[in-house]
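Heads up: the sequence lines are chains Y and L, in that order. Our numbering applies: residue 4 is where the first sequence begins, and numbers increase by one. Our numbering applies: residue 23 is where the second sequence begins, and numbers increase by one. Ideal Cβ positions, reconstructed from N, Cα and C, are used throughout, including at glycine. Computed from a predicted model, the values in this text were never measured in an experiment.
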Amino acid sequence: MNYWNKAIETMPLKDIKALQLKLLKKNVSEMYETSKFYHDKMVAAGVKPADIRTLDDLRKLPTMKKSDLRENYPDKLFVRPYSEILRYHVSSGTTGKPTVVGYTRNDIENWSESLARAFTSSGLTKNDILQISMGYGLFTGGLGKHYGAEKIGATVLPAGTGNTARQIELMLDLPVTAIAATPSYMFHIADVCDKMGVDIRRDTKLRVGILGAEPWSENMRRKLQERTGILAQNCYGTSEMSGPMFTECTEQKGIHVWQDLCLMEILDKNGDPCADGERGEMVMTMLQKEAFPLIRYKMGDISTLEWEKCACGRTHPRLQRLSGRTDDMLIIRGINVFPSQIEDVIGEMDFLAPFYHITVDAVNYMDSIAVEVEVTKQALTDDMTKMEKMKAEFDRRLRVVLNIKADIKLALPGSMPRTEGKAKHVTDNRKYD
Amino acid sequence: MAKEHMIKQLSIFINNEPGRLAQIAAALKECNVNMKAFNIAESSGFGVFRAIVDEPDRALKELNDKGIVVKETNVIAIPMIDRPGGLLDVAKAIGEANINIEYGYAYSTKDLAAFFFRVDDADAAVKKLLASGIKVLKGNEV
């Protein structure tokens, strides 16, 4: 078994907890002094840095939510000056307003370190050629994995997304041994390989896939592995944490969450810790993040941690498959989509009525989103050119806000179901079993 | 002047599903609506049933009351002679008046054949046609 950082990765839990407490105390003191936002929160909760004496005292600290990030847009939660910030990434947000995240040099270093450990645990070495078929740019997926792969000395092919046939040609020619992508894009690549007459097992050297940025199931993994012969590794991370950070080891029994970087709590509806093995909301405290620290950040994702030492020798607990969210966020092809964003765009269009339905599907594991919305009686016209123009305007605006293309269908006034109370606006036909 | 030459067409919007036309036809029957001409077109998501009817105002109100999605659209009607070349005379006249047709359909009976069509600016089109000496039917002539 190869390790990237054996001392940390196999550190006894007792020592990990001691390290966590040390890092937490430092983190909380710094936040109390430098973050007006968190200072005020701590004052309101009646807790001072000196009150944090044990790891259990973490529970005295106030939590942070996605809405805190939104309300402090773009950078009010940063605690370091611009001169120390090396990079921004930006993720799509709930109300058309994105979330901006910033990184110091140490933040980039720790992010890369986290992925270097993860990639090594997935069996990658400096001898691998990793094709990164994820978005570069504002999205954290491309650049994050790029740095992690370079750190272990692997050769990176920064392919980005799109132009799948060309990606496959490069995969054959270079020859690529590992790929980072969303699971749905990996299925798409497999489909295009079929069309091109490329047999991934026979014709390529591909053996590992680092797949994440959207929820997927064990079933999908099994099918993908059977179909392509690659080791399909689950990867997790969100832009608030830095980006993709953790993967499974080759045991494929859950994602190792490096406890020196990220202290993860699993809490029930009342905010109390769940019993071991019980599922609850994941709450992160980033222990070494500098530019944009997070203490007890409620992710909205639901899962559980397996604390038993892994057969690979690593002591860090393993995050199990995500089983949903506490809010209504949808993840479509790796992009966060909130129904409220769609509702907002509908509100902007004076020819649309607020009666709509969103249908999410996965065909060949490629996510699709369809929006059906009523036209107002006033705007309805038998001039089809005008109707097409309205549809195109909605389509354009929706694409700008969501960063994703939705299939749009205009419906007749009165044709969408009316419900009393909370309307069910979303049907998600994807299966996560 | 142009106003009396406007023909009130009912545009009934229907979901593109089997059985919807029969539903609309039943509603037309229940409202005792007599049709002179109609056509059915399809657009993305739903269809439009366009009809020239007797007593369009009453029909509009009663269909509306039944929850049918219906709107009134002004179209123009030009009489045609029921013989080979009848359409050519009309089409030439419309073309020479530099009028662009959005859609159109025809009907013919023993007494009268007519071409109904919709243009973007019906007022202007009627004025042009009349100025070129083309006969344009009035609402009470169809």
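Item to check | Residues near GLU293/Y in its chain [Cβ-Cβ closer than 7 angstroms; skip 5 each side] | outcome: Closer than 7 angstroms at the Cβ level, and outside the excluded window around GLU293/Y, lie ARG83, THR107, ASN109 and ASP110.
Item to check | Residue nearest to GLU281/Y in terms of C-alpha spacing, selected from MET287/Y, LYS272/Y and MET352/Y | outcome: Considering only alpha carbons, the answer is LYS272/Y.
Item to check | Cutoff 8 angstroms: PRO416/Y Cβ touching any chain L Cβ | outcome: Taking CB atoms only, PRO416/Y has a neighbour in chain L less than 8 angstroms away.
Next on the checklist: Contact criterion: CB-CB distance below 8 angstroms. Does LYS412/Y meet it with respect to chain L?
Outcome noted: Answer yes: the Cβ-Cβ gap between LYS412/Y and chain L drops below 8 angstroms somewhere.
Checklist entry - Any chance the segment 317-329 of chain Y sits against the segment 253-270 of chain Y, with 3 or more Cβ pairs inside 8 angstroms? => result Three or more Cβ pairs closer than 8 angstroms define a contact, and the segment 317-329 of chain Y meets that threshold against the segment 253-270 of chain Y.
Checklist entry - Quick one: what does DSSP say MET369/Y is sitting in, helix, strand or coil? => result Three-state DSSP puts MET369/Y in a strand.
Item to check | Where ASP385/Y meets chain L, residues with beta-carbon distance less than 7 angstroms | outcome: Within 7 angstroms Cβ-Cβ: SER33, VAL70, ARG72, LYS93 and THR95.
Next on the checklist: Do LEU383/Y and PHE35/L count as a contact pair if the criterion is CB distance below 8 angstroms?
Outcome noted: In this structure, LEU383/Y lies closer than 8 angstroms to PHE35/L by Cβ.
Item to check | C-beta neighbour in chain L for THR97/Y, strict 8 angstroms | outcome: With a pLDDT of 46 at THR97/Y, under the threshold of 50, the predicted position of this residue should be treated as unreliable, though the coordinate-derived value follows. So no, THR97/Y is outside the interface.
Item to check | Neighbouring residues, chain Y, relative to GLY89/L (Cβ below 9 angstroms) | outcome: In chain order: GLY417.
Item to check | Distance between GLU94/L and GLY67/L (C-alpha atoms, nearest Å) | outcome: If I take the Cα positions, the gap works out to 20 angstroms.
Next on the checklist: Please report the distance separating the alpha-carbon of PRO65/Y from that of ARG299/Y.
Outcome noted: Their backbone Cα atoms lie some 7 angstroms apart in a straight line.
Item to check | Contact residues within the segment 37-55 of chain L, judged by C-beta distance below 7 angstroms to chain Y | outcome: Against chain Y - using a Cβ distance shorter than 7 angstroms - the residues of the segment 37-55 of chain L are ASN37.
Checklist entry - Between MET352/Y and the rest of its own chain, which residues show a CB-CB distance below 6 angstroms, the 5 nearest in sequence each way excluded? => result So the qualifying residues of the chain are PHE397.
Checklist entry - With burial defined as no fewer than 16 other Cβ atoms inside 10 Å of the residue's Cβ, what is the status of THR98/Y: buried or exposed? => result Because the pLDDT of THR98/Y is 47, which lies under 50, any placement of that residue in the model is unreliable, and the question is left without a value.
Next on the checklist: Among the candidates GLU12/Y, GLN262/Y, ALA10/Y and LYS69/Y, whose CA atom is the shortest distance from the CA of GLY303/Y?
Outcome noted: The residue with the shortest Cα to Cα distance from GLY303/Y is LYS69/Y.
Checklist entry - At what residue ranges does the segment 34-106 of chain L contain a whole run of the beta strand (DSSP E), taking only runs of 3 or more? => result The qualifying runs are 57-64, 68-75 and 92-102.
Item to check | As assigned by DSSP and simplified to three states, the class of THR123/Y | outcome: Taken through DSSP and simplified to helix, strand or coil, THR123/Y comes out as helix.
Checklist entry - Count the other CB atoms within 10 Å of the CB of SER86/Y; is the residue buried (16 or more) or exposed (fewer)? => result Around the beta carbon of SER86/Y, fewer than 16 other beta carbons lie within 10 angstroms, which makes this residue exposed.
Next on the checklist: Helix, strand or coil, according to DSSP, for GLU268/Y in the structure here?
Outcome noted: If DSSP states are grouped into helix, strand and coil, GLU268/Y belongs with the strands.
Checklist entry - How about ILE182/Y and GLN134/Y: are their beta carbons less than 8 angstroms apart? => result Closer than 8 angstroms, so yes.
Item to check | Neighbouring residues, chain Y, relative to GLU124/L (Cβ below 7 angstroms) | outcome: Within chain Y, ASP386 have C-beta atoms less than 7 angstroms from the C-beta of GLU124/L, given in sequence order.
Next on the checklist: Let's test the definition: count the other Cβ atoms within 10 Å of the Cβ of SER130/L and tell me whether it reaches 16, buried, or not, exposed.
Outcome noted: SER130/L is exposed by the Cβ-count criterion.
Item to check | Neighbourhood of SER32/Y by C-beta, 8 angstroms cutoff - its chain only, sequence neighbours within 5 removed | outcome: The residues are PRO52.
Checklist entry - On the three-pair Cβ rule with 8 angstroms, is the segment 343-361 of chain Y touching the segment 140-157 of chain Y? => result A contact is defined here as three or more CB-CB pairs under 8 angstroms, and the segment 343-361 of chain Y fails this definition with respect to the segment 140-157 of chain Y.
Checklist entry - What are the partner residues of ARG140/L, as DSSP defines its beta bridges? => result Paired residue(s): TYR125/L.
Item to check | Same chain, Cβ closer than 7 angstroms to ASN86/L, five either side skipped, listed in chain order | outcome: The answer, listed in chain order, is VAL92.
Next on the checklist: Between which residues of its own chain and LYS129/Y is the CB-CB distance below 7 angstroms, once the five residues before and five after are set aside?
Outcome noted: Around LYS129/Y: ILE155, GLY156 and ALA157.
Checklist entry - So, do the segment 5-25 of chain Y and the segment 134-146 of chain Y have three or more beta carbon pairs nearer to each other than 8 angstroms? => result Short answer: they don't touch.
Checklist entry - What did DSSP end up calling HIS360/Y once you bin it into helix, strand or coil? => result HIS360/Y falls in the strand class under three-state DSSP.
Next on the checklist: Considering Cα atoms alone, identify which of LEU297/Y, LYS434/Y, ALA373/Y and LEU355/Y is closest to ASN367/Y.
Outcome noted: Of the listed residues, the one whose Cα sits closest to ASN367/Y is LYS434/Y.
Checklist entry - At which residues does the alpha helix (DSSP H) containing ARG336/Y begin and terminate? => result It is not in any alpha helix (DSSP H) - ARG336/Y carries neither H nor E in the DSSP assignment.
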